[in-house]
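From first to last, the protein sequence lines are chains A and B.
So in the working numbering, spot 134 of the first sequence is number 134, and the numbers just go up one at a time.
All you need for the working numbering is the position in the second sequence, starting with 1, plus 1000.
Here's the structure, in structure tokens; my notes come after.
2 protein chains.
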Amino acid sequence: MGFYRRRSSVSKDFIHPRLLCLMCFSVICLAENTEMVNAVTEMKAEESHRQDSANLLIFIMLLTLTILTIWLFKHRRFRFIHETGLAMIYGLFVGVILRFGVNSPQDLNDVTLNCAVNSSPTTLLVNVSGRFYEYSLKGEVRDSKGHEVPNAEMLRKVTFDPEVFFNILLPPIIFHAGFSLKRRHFFRNLGSILSYAFVGTLTSCFVTGLVMYGCVVFMKLIGQLGGDFFFTDCLFFGAIVSATDPVTVLAIFNELKVDVDLYALMFGESVLNDAVAIVLSSSIVAYQPEGDNRHTFDVIALLRSLGVFLGFFSGSFAMGAATGVMTALVTKFTKLRDFPLLETALFFLMSWSTFLLAEACGFTGVVAVLFCGITQAHYTYNNLSAESKTRTKELFELLNFLAENFIFSYMGLTLFSFHHHVFSPVFIVGAFLAIFLGRAANIYPLSFLLNLGRKNKIAYNFQHVMMFSGLRGAMTFALSIRDTATYARQMMFSTTLLIVFSTVWVCGGGTTPLLSVMQIKVGVDTDQENVVTGPDGLPQRSTKHESAWPFRLWYTFDHNYLKPFLTHSGPPLTNTLPACCGPIARCLTSSQACENAGQLNDEDTELILNDGCNLMYGDMTVSTDAHGMPTTSTNQAGLYSLPGTSDDPLDRELAFGGTRLVLPTDEPLDPLTSFPPPPSPPLSDPLRHRV
Amino acid sequence: MGFYRRRSSVSKDFIHPRLLCLMCFSVICLAENTEMVNAVTEMKAEESHRQDSANLLIFIMLLTLTILTIWLFKHRRFRFIHETGLAMIYGLFVGVILRFGVNSPQDLNDVTLNCAVNSSPTTLLVNVSGRFYEYSLKGEVRDSKGHEVPNAEMLRKVTFDPEVFFNILLPPIIFHAGFSLKRRHFFRNLGSILSYAFVGTLTSCFVTGLVMYGCVVFMKLIGQLGGDFFFTDCLFFGAIVSATDPVTVLAIFNELKVDVDLYALMFGESVLNDAVAIVLSSSIVAYQPEGDNRHTFDVIALLRSLGVFLGFFSGSFAMGAATGVMTALVTKFTKLRDFPLLETALFFLMSWSTFLLAEACGFTGVVAVLFCGITQAHYTYNNLSAESKTRTKELFELLNFLAENFIFSYMGLTLFSFHHHVFSPVFIVGAFLAIFLGRAANIYPLSFLLNLGRKNKIAYNFQHVMMFSGLRGAMTFALSIRDTATYARQMMFSTTLLIVFSTVWVCGGGTTPLLSVMQIKVGVDTDQENVVTGPDGLPQRSTKHESAWPFRLWYTFDHNYLKPFLTHSGPPLTNTLPACCGPIARCLTSSQACENAGQLNDEDTELILNDGCNLMYGDMTVSTDAHGMPTTSTNQAGLYSLPGTSDDPLDRELAFGGTRLVLPTDEPLDPLTSFPPPPSPPLSDPLRHRV
């Protein structure tokens, strides 16, 4: 990825003179001919550029091959392996070939160099025969262990800077995940999702960490441990393997049209726990007690870590939401929708700027991007023109596809191209046990507690699927490759790779059989979405009333104030704001919203409605009782006939405390697949391309 | 753009041990605490990453601002300035603010360093207190001239590696240009376009070079020259300022629906001369006579340069065409079109791989990408599914838009952020004179010569417009910023910036008035596209028969063999190939093509036809005489009534030597705008968004 500067002579013009003054050089001019040296340097730089291009080309070819195989599999109706699993296998092959099959000549041109340095500045100026060369710090290099690996130079070349994953490949994946959250079901299950994501991930992290600590202590006892491995390392490992991947299983869920609530729980949890895991791992790294022993328990350090966690999370959340809101406002109050290209460009740039803004402020860009994606889908998307909606969703879909397959094929490659693997059988077995226990400690107790409060219980079969399908993917990999400096981190990285491989292949491949074994309803149609099979086998109605009051409060606030403020939909602010705010409300309410006032057309339904469904909203004054219990249950039978014409008030509103909230109830489609409407395939058709 | 490695500890694992063995370090450990130094290094790296993010954010904000202003201008119907001109103005403002308005603290942490080096290896290992740090060569740094510039560090930070332009920003722009060539008119005028692009650009380069050499000699005489400026430098300058920009003027042309032949000539020339200029400048750099004086005339060196020119050009052309053909074959022989996402991803990856392949083989990636774009539009695009066509075109449109505006706003910024500007009034005046003369020497004599052979003459008013509208843009800038090592190059860079600014503002803004002064037909409808106003003021028919025989030969070959081989369109190979090749022909002819055989449905027309026009092809057996002269001219009057139903055989075919070639004749739309069909605006409406 590193494009070199072909004739790298511009940098000199921007070097700060003081830098030069500060650095004093004792020049030993050994080269006879300056121009010769210069030419050699340029030739080497050119060679390096060619090599870079060739390496990137390898990956592009790998991706092309993956695409063709995916097509073949879809075409021939194979479904025992997911495309990400395929990408990994191809990566593995290329890794084997590069490592054992290719003999690249070694670069012997490196010169002997005597340096006297007292620190490691980010920029180094080296004087060669009167010419100054700028060097930039790449990082620390551990001294060689003496075992020489064939083609080391070549393998080093195909290795990307780990930060590429965090700064280039992860953001589109995470943004896409946030952007394509099935928002209505997501919000309906928000409480449970947040519990799984926060409490569950924390539990999983600590359980995994504790098991691993036991394992490490055992390894030390039997003399299998070749280096330091502290408790914080164990916790760190727990944090990174607690991030479940939203990609693979959910593609299958989407394909099979699995129960929407299960989908919402799984998707919501895996998207959010990525964010939790990344912030959690940062907080664990930040846990550094004062004094000599840096690995003891220290309350102040713990509190500081907790502060880091909360700060990072809320800061990133705020950044993401802020840029989303800003984009919504810009797209609302300009007529940018007349120019879809400009609109899409703006949408893309604003979403990208979230990442940069968060990173520039020291927050976590990836987390900010997630919340930005959710906000953009919830507000901005409604303001876009139809063409721009398609463009935007297709753009992010493509970016997500490329980034995802790139990461997975790189993962395969790494198994052979990484030189310092530490495979310890005991540790690996312990790790598999630990992630099993950690996942179990996340799902089962939490589900039990949640079921105490939930009207629509999370059935045991749902719990088993959630337990089994929590496979590890891109985020776990990116977090583990980010730092492989110490023995502990190397062992973690190698083990993580194996965990990712086996979960993607085993859990990914086993999800479809499991769904049938567990008798999970697949092929759920839009008109049956509110029916879930309860533990008693009887259909059970799920309503919004099950949400706890904070979420209901949020619904109202969002619907009455945020939506009208940020989009053209919802009731006009002139109606919802108190009279004293009249002028402001009029100013902020778009003419479009005023026109819509009569019919209360929530444009959000564009996102979550199947095309062709003309959802009719009930009268605003219709209300249910304060507990959200159905006041009318007579047309229960007719409910499943035509979703667009269903007039069951229970399904269309959530009213409490005199505030009337009208929600659309039809099957929300994934916003990224809702346009154009996909032909609804037969249940047995496994070939719909995944989104 | 430089994302740092947050904890840069992976690289060590890939460092070749021999590198370590080869390098011997005399370690002087001055730092007291290793961890302290380490922490400081990491802190600095983090700081640098934040700074990078903030700088990129500045550009994103700039682009966002540009987008909003473009919208405002389009909305308010201002048209005196093009969006690229706007982007430059914003860049200028930000440059001024960064340079004079912001006071950033200087980094005083750089340490004193004593180094004894005998060369400049690409990788340097530095031993600090027992820890090895890897440094990579950034390039040569000229020693400071002693004048300290405020905010130098800050300005240095907002500076991108010039190779970013060549490796990231230019490829999408050039690909998009090739992809959106109006292919039918392009091929009709191919002879003239190639003449302008090759002969014309060479002429322009040498004329400009000679004038500049005169200017430089004069400067030396009056003592205005502060450094070396050789004849090869003058030629290099001639090469880089001979690349005219296909963006700005052609956006205006497109908006005004200017005469299609003028459009084709201007677009074809400016797209191809970018390729010629880049290869030409490489060849001039490659001109290095042996011996002491490297700036004398040397026949061998000249021939070598010529060889470099031909080799680079043909090699890049071959690479571009090859990947295009490969993509066409893959999309033809797989049913990838069932999965638009996979299809678009493949299309994108294959197009990108052209660039990498060419760079890896030592050719010019940007040139390869251009020809790849043309091939993809000519063949592959026909094989794509309708959804994928839209996706692909929108994707490249967006990339082009972003890259273009990024380059132009960066250009504005550079005027203030670049520290080593050399503005010499004499040189600047000379340069403006030289580009004027160079452009004149390109257009007028060549047009005269071409008119000797053309049936459809290039009128004087066309020539004046081509003369005036040849403004300089992204390519000129990228070529000039690529190397600013010497005094000559710096003077060139500064002058080039001014040339770009003034041509974009003056020529870009003046094109619309000029078109009316020159009485160029605007608002040309599809049914009038074949009528150009001759020098005598009478309408003149343009036919394909004016093409010289090599191009006609190419048409036939392309239509009879390449199109059927690479796409589903054209006559089946079973018909066109000799009988002995029957089995191969059957194997290569898709069933779809066989089905189409009766109606000869050239899918290419999808690209070059307005939606809704049902073009009827004439019977295959209809032919004109061997000279291509019209055999029927009776329905000349009816020709302008309905394009879709016109049955003038002259306009629909090019027949010679018994081979029948049927070409569609309707107004080709830019493939990137043809879907969905834009509403045809009134001629006075300047608000159609540019493509």
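For each residue, glycine too, the CB sits at the ideal point set by N, CA and C.
Any idea if Trp549/A is buried or exposed, counting beta-carbon neighbours within 10 angstroms, 16 or more meaning buried?
Residue 549/A sits at position 549 when you count from the first residue of the first sequence. Trp549/A should be labelled exposed.
Is the separation between the beta-carbon of Met319/A and that of Leu370/A shorter than 8 Å?
Along the first sequence, read from residue 1 onward, the residue named residue 319/A stands at position 319. Along the first sequence, read from residue 1 onward, the residue named residue 370/A stands at position 370. With contacts defined as CB atoms closer than 8 Å, Met319/A and Leu370/A fail to qualify as a contacting pair.
Would you say Gly713/A reaches chain B, if we count a Cβ-Cβ gap shorter than 8 Å as a contact?
Absent from the structure is residue 713/A, since the part of chain A shown begins at 1 and ends at 691.
I think Glu83/A touches Asn400/A, with their Cβ atoms under 8 Å apart; what is that distance to the nearest whole Å?
Numbered from its first residue, the first sequence carries residue 83/A at position 83. Numbered from its first residue, the first sequence carries residue 400/A at position 400. About 12 Å; that fails the 8 Å criterion.
Can you grab the Cα-Cα spacing for the pair Thr1576/B / Trp1554/B, in whole Å?
Reading the second sequence from its first residue, position 576 is the one you call residue 1576/B. Reading the second sequence from its first residue, position 554 is the one you call residue 1554/B. Taking the straight line joining both Cα atoms gives about 15 Å.
Arg472/A bridges to which residues according to DSSP?
Reading the first sequence from its first residue, position 472 is the one you call residue 472/A. Paired residues: Thr244/A.
Under 8 Å Cβ to Cβ from Gly1509/B, same chain only, skipping five residues before and after it: list those, please.
In the second sequence, residue 1509/B corresponds to position 509, counting from 1. Taken in chain order, the residues that qualify are Phe1080, Ile1081, His1082, Gly1085.
Please state if the CB of Ala360/A and the CB of Pro172/A are separated by a distance shorter than 8 Å.
In the first sequence, the residue the question calls residue 172/A occupies position 172. In the first sequence, the residue the question calls residue 360/A occupies position 360. Inclusion of Pro172/A and Ala360/A in the CB contact set at 8 Å is not warranted, their separation being larger than that value.
Taking a contact to mean a Cβ-Cβ separation below 8 Å, would you say Thr248/A touches Val506/A in this structure?
To locate residue 248/A, count along the first sequence from 1; it is residue 248. To locate residue 506/A, count along the first sequence from 1; it is residue 506. Result no, Cβ atoms of Thr248/A and Val506/A do not sit closer than 8 Å.
Anyone know if the C-beta pair for Gly101/A and Leu413/A falls short of 8 Å?
In the first sequence, counting from the first residue as 1, residue 101/A sits at position 101. In the first sequence, counting from the first residue as 1, residue 413/A sits at position 413. For Gly101/A and Leu413/A, no; Cβs fall outside 8 Å.
Just how far apart, CA to CA, sit Phe1237/B and His419/A?
For the purposes of this step, residue 1237/B is identified with residue 237 of the second sequence, where counting begins at 1. For the purposes of this step, residue 419/A is identified with residue 419 of the first sequence, where counting begins at 1. Those two C-alpha atoms are separated by around 48 Å.
Specify whether the segment 369 to 386 of chain A and the segment 50 to 65 of chain A touch according to this definition: at least 3 beta carbon pairs, one from each stretch, less than 8 Å apart.
Fewer than three beta-carbon pairs drawn from the segment 369 to 386 of chain A and the segment 50 to 65 of chain A are found closer than 8 Å, and the two stretches are therefore not classed as touching.
Kindly indicate the opening and closing residues of the alpha helix (DSSP H) around Cys1701/B.
Since the first residue of chain B shown is 1001 and the last is 1691, residue 1701/B is not available in this structure.
Using a threshold of 8 Å, state whether the C-beta atoms of Leu398/A and Leu1395/B are closer than that.
Start at 1 with the first residue of the first sequence, and residue 398/A comes out as number 398. Start at 1 with the first residue of the second sequence, and residue 1395/B comes out as number 395. A contact, by the Cβ cut-off of 8 Å.
Residues of the segment 1337 to 1364 of chain B in Cβ contact with chain A at a cutoff of 9 Å, in chain order, please.
Asp1338, Phe1339, Pro1340, Leu1341, Leu1342, Glu1343, Thr1344, Ala1345, Leu1346, Phe1348, Leu1349, Met1350, Trp1352, Ser1353, Phe1355, Leu1356, Leu1357, Ala1358, Glu1359, Ala1360, Cys1361, Gly1362
Roughly how many angstroms separate the alpha carbons of Arg1652/B and Met1411/B, rounded to a whole number?
In the second sequence, residue 1652/B corresponds to position 652, counting from 1. In the second sequence, residue 1411/B corresponds to position 411, counting from 1. Residue confidence is low: Arg1652/B scores 37 on pLDDT, short of 50, so the model does not pin down where it sits. Its coordinate-derived value is still stated next. Approximately 46 Å between the Cα atoms of the pair.
Run through chain A and tell me which residues come within less than 9 Å of Met1061/B, C-beta to C-beta.
The count along the second sequence starts at 1 and reaches residue 1061/B at position 61. Neighbours of Met1061/B on chain A, chain order: Leu349, Ser353.
Which residues in chain B sit within 9 Å of Leu68/A, going by Cβ to Cβ distance?
Reading the first sequence from its first residue, position 68 is the one you call residue 68/A. In chain order: Val1330, Thr1334, Leu1336, Leu1342, Leu1346.
With 16 other CB atoms within 10 Å as the buried threshold, where does Pro445/A fall?
Residue 445/A sits at position 445 when you count from the first residue of the first sequence. When all chains shown are included, Pro445/A counts as exposed.
For the putative contact between Ser1283/B and Phe1309/B, defined by C-beta atoms under 8 Å, what is the C-beta separation to the nearest angstrom?
Against the second sequence, residue 1283/B aligns to sequence position 283. Against the second sequence, residue 1309/B aligns to sequence position 309. Their Cβ separation, rounded to whole angstroms, is 4 Å, which keeps Ser1283/B and Phe1309/B in contact under 8 Å.
Using the C-alpha atoms, what's the distance from His378/A back to Gly704/A?
Because chain A in this structure spans residues 1 to 691, residue 704/A falls outside the shown range and cannot be described.
Are there 16 or more other CB atoms within 10 angstroms of the CB of Asp1228/B, so buried, or fewer, so exposed?
Here residue 1228/B is taken as the residue at index 228 of the second sequence, counted from 1. When all chains shown are included, Asp1228/B counts as exposed.
Can you check whether the C-beta of Thr64/A is within less than 8 Å of a C-beta belonging to chain B?
Translated into positions along the first sequence, residue 64/A becomes position 64. Yes, because at least one Cβ of chain B sits closer than 8 Å to the Cβ of Thr64/A.
Based on Cα-Cα distance, which residue from Leu1515/B, Val1429/B, Leu1349/B lies nearest to Ile58/A?
On the first sequence, position 58 is the one that residue 58/A refers to. Nearest option by C-alpha distance: Leu1349/B.
Closer than 9 Å by beta-carbon distance: list the chain B residues that pair up with Glu394/A, in chain order.
Numbered from 1 along the first sequence, position 394 holds the residue referred to as residue 394/A. Near Glu394/A (Cβ distances below 9 Å), the residues of chain B are Pro1340, Leu1341, Thr1344, Glu1387, Thr1390, Arg1391, Glu1394, Leu1395.
Rounded to a whole number of angstroms, what is the C-alpha to C-alpha distance between Ile97/A and Ser417/A?
Residue mapping note: residue 97/A aligns to position 97 of the first sequence, counting from 1. Residue mapping note: residue 417/A aligns to position 417 of the first sequence, counting from 1. Ser417/A has its alpha-carbon roughly 10 Å from the corresponding atom of Ile97/A.
Could you tell me which of Ile1070/B, Ile1435/B, Gly1307/B sits nearest to Val1207/B, measuring between CA atoms?
As a first step, residue 1207/B must be located in the second sequence, where it is residue number 207. Considering only alpha carbons, the answer is Ile1435/B.
With Met1326/B as the anchor, note down where its alpha helix (DSSP H) starts and where it stops.
Here residue 1326/B refers to the residue found at position 326 of the second sequence. Residues 1299 to 1333.
Are the beta-carbon atoms belonging to Ser192/A and Leu450/A less than 8 Å from one another?
Walking along the first sequence from the start, residue 192/A turns up at place 192. Walking along the first sequence from the start, residue 450/A turns up at place 450. Yes, Cβ-Cβ distance for Ser192/A and Leu450/A is below 8 Å.
So that I know if they touch, is there some Cβ in chain D lying closer than 8 Å to that of Lys1074/B?
The structure shown contains no chain D; its protein chains are A and B.
Considering Cα atoms alone, identify which of Asn1461/B, His1421/B, Gly1453/B is closest to Glu1493/B.
If you number the second sequence from 1, residue 1493/B lands on position 493. Residue 1493/B is actually Phe in this sequence, not Glu. Nearest C-alpha to Phe1493/B: His1421/B.
Measuring alpha carbon to alpha carbon, tell me which residue in Tyr1287/B, Gly1430/B, Cys1372/B, Pro1425/B is nearest Thr1327/B.
Within the second sequence, the letter at position 327 stands for residue 1327/B. Among Tyr1287/B, Gly1430/B, Cys1372/B, Pro1425/B, the Cα nearest to that of Thr1327/B belongs to Cys1372/B.
Out of Gly1438/B, Ser1569/B, Phe1462/B, point me to the one whose CA is closest to Ser1447/B's CA.
Counting from one through the second sequence, the residue named residue 1447/B turns up at place 447. Looking at the Cα atoms, Phe1462/B is the closest of the given residues.
Tell me, to the nearest whole angstrom, how far the beta carbon of Lys1332/B is from that of Leu1566/B; I am working on the premise that it is less than 8 Å.
The residue you call residue 1332/B lines up with position 332 of the second sequence. The residue you call residue 1566/B lines up with position 566 of the second sequence. Sure, about 6 Å apart at Cβ, within 8 Å.
Could you give the first and the last residue of the continuous alpha helix (DSSP H) run that contains Arg391/A?
In the first sequence, counting from the first residue as 1, residue 391/A sits at position 391. It spans 386 to 417 - the alpha helix (DSSP H) in which Arg391/A sits, taken as one unbroken run.
Quick check: does the Cβ of Thr556/A come within less than 7 Å of any heavy atom belonging to the ligand ATP?
By its list of ligands, the structure shown contains no ligand whatsoever, and the ligand ATP lies outside what it can speak to.
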